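Trainee: Protein chains in written order, with this note's numbering: chain Z, 21 to 183; chain G, -14 to 257.
We put the beta carbon where it would ideally sit given N, CA and C, even for glycine.
Bear in mind that the values here come from a model prediction, so they are computed numbers and not experimental data.
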């Protein structure tokens, strides 16, 4: 079988986004998508894997994330440096607008990438944290569906705690 | 995802995000949109938030010039970047405003799963309530004619029954008579125990209590039981164990019986 001098052939997989764009990814990236792990391990990932819930824009970002994480973890660097590096990368990676963040969060949930799901949930929470009601509505572009009377009733119920 | 991105997320993802928010933001989120209000009111949210939130510290503050007392609950956050332990005030409220009563001293009777049982008392009243700071809900227990004068005693405990999952506040009352010469406890002509199960709205008598309770500590809850330091009439120390599910008392002897002459059991605590 393969000797250490021989170049090992890297397995690649094809992922097809909702809008039909096909991405070529290495196995180390593909296995991070828990949702398709079984397909890969069962050798059922040919010719390509269709990911119906993810657009090409978001899938490209997800692949970038997984690629960086795969490379950092397999590189020869010490665990501390790798951790630092991933932290810096994650921070920069989260520097996108709210709508992309929501889509990334949803995609991470669908593709079952735990670390990305955790990261996006945490980032979304930190965006909402300490915001006023109006700021939160504005950030996510949502309409107030409470009537004046209904809003008053909720405020009244919790009036003792609105200090 | 369009203009309404957040609201197209599945409920479990929204709950996951909300469960990471501090209490004041959660209160704001209730008023952003009706769907959020209903999500935050679900038991799923409460459980998820509890599983994630750290333990907090309850601080009572009395302003000497004004007849009011504040209750603050602090949550400590791990700051990974600075290795500092810093706290965030989760909630502050005026107790007198909450209960509509005058000045009293407030102590915490107990806290389980984010519920905090508080007692405010003075020479005029003795009030108990359970509040849930995260969703800003509270229950005031009916105040009965229960003013207790020295040397009689009253003790409380707050527990969770193991099987039925009910939260219960336990009140133990002793009418005590002291020996006029020595000042030591000579008899207990009357003792009673009442239980308030959350959700029932009333206190329920469960009969007498077979021991003399020492009012030095509030009941410590762990493992489905409430514990108090007690003495029998011969002066032997015991630890009372009240099964919150069965509502029965099963005392066990002091863990250090040989040291009775030099040391007395003072109070109990729980290692969490």
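Could you check whether residue 183/G and residue 124/G sit closer than 8 Å to each other, using their CB atoms as the reference points?
Mentor: yes
Trainee: Is the distance from the Cβ of residue 135/Z to the Cβ of residue 89/Z below 8 Å?
Mentor: yes
Trainee: Which stretch, first to last residue, makes up the beta strand (DSSP E) that contains residue 27/G?
Mentor: Careful: residue 27/G lies outside any beta strand (DSSP E) and carries neither H nor E.
Trainee: If you draw a straight line from the alpha carbon of residue 3/G to that of residue -7/G, how long is it in whole angstroms?
Mentor: 15 Å
Trainee: Which value, in whole angstroms, describes the spacing of the CA atoms of residue -13/G and residue 212/G?
Mentor: In this prediction, residue -13/G has a pLDDT of 42, which is less than 50 and means its spatial position is unreliable; what the coordinates show is noted afterwards. Roughly 57 Å separates the two Cα atoms.
Trainee: In the DSSP assignment, the beta strand (DSSP E) including residue 215/G goes from what residue to what residue?
Mentor: 210 to 216
Trainee: Based on the DSSP secondary-structure assignment, which residues constitute the bridge partners of residue 45/G?
Mentor: 56/G
Trainee: Could you check where the beta strand (DSSP E) with residue 221/G kicks off and where it finishes?
Mentor: Segment: none, residue 221/G is in no beta strand (DSSP E) and carries neither H nor E.
Trainee: What first and last residue would you give for the alpha helix (DSSP H) that runs through residue 79/Z?
Mentor: 76 to 94
Trainee: Would you say residue 182/G lies against chain Z (beta-carbon separation less than 8 Å)?
Mentor: Any Cβ of chain Z closer than 8 Å to the Cβ of residue 182/G would place that residue at the interface, and such an atom is absent.
Trainee: Over what stretch of residues does the beta strand (DSSP E) that includes residue 48/Z continue unbroken?
Mentor: Premise fails: residue 48/Z lies in the alpha helix (DSSP H), 47 to 50, not in any beta strand (DSSP E).
Trainee: Rounded to whole angstroms, what is the Cα-Cα separation between residue 16/G and residue 171/G?
Mentor: 59 Å
Trainee: Who pairs with residue 96/G in a beta bridge, going by DSSP?
Mentor: 101/G
Trainee: In angstroms with no decimal places, state the Cα-to-Cα distance between residue 111/Z and residue 142/Z.
Mentor: 11 Å
Trainee: Measure from the alpha carbon of residue 207/G to the alpha carbon of each residue in 230/G, 33/G and 92/G, then state which is nearest.
Mentor: 230/G
Trainee: When burial is assigned at 16 or more other CB atoms within 10 Å of the CB, is residue 160/Z buried or exposed?
Mentor: buried
Trainee: Decide if the stretch 70 to 89 of chain Z is in contact with the stretch 35 to 49 of chain Z; the criterion is three or more beta carbon pairs, one per stretch, under 8 Å apart.
Mentor: Output reads yes: the stretch 35 to 49 of chain Z touches the stretch 70 to 89 of chain Z.
Trainee: Just checking: is the beta-carbon of residue 19/G within a distance shorter than 8 Å of some beta-carbon in chain Z?
Mentor: yes
Trainee: Between residue -14/G and chain Z, is any beta-carbon pair separated by less than 8 Å?
Mentor: Its pLDDT being 41, under 50, residue -14/G is placed unreliably in this model, and the value from its coordinates should be taken loosely. Yes, residue -14/G lies at the interface with chain Z (some Cβ there is under 8 Å from its Cβ).
Trainee: Assuming residue 232/G is part of the alpha helix (DSSP H), what are its boundary residues?
Mentor: Premise fails: residue 232/G is in no alpha helix (DSSP H) and is neither H nor E.
Trainee: Which bits of chain G does residue 149/Z rub up against, with CB to CB less than 7 Å?
Mentor: 6, 7 and 10
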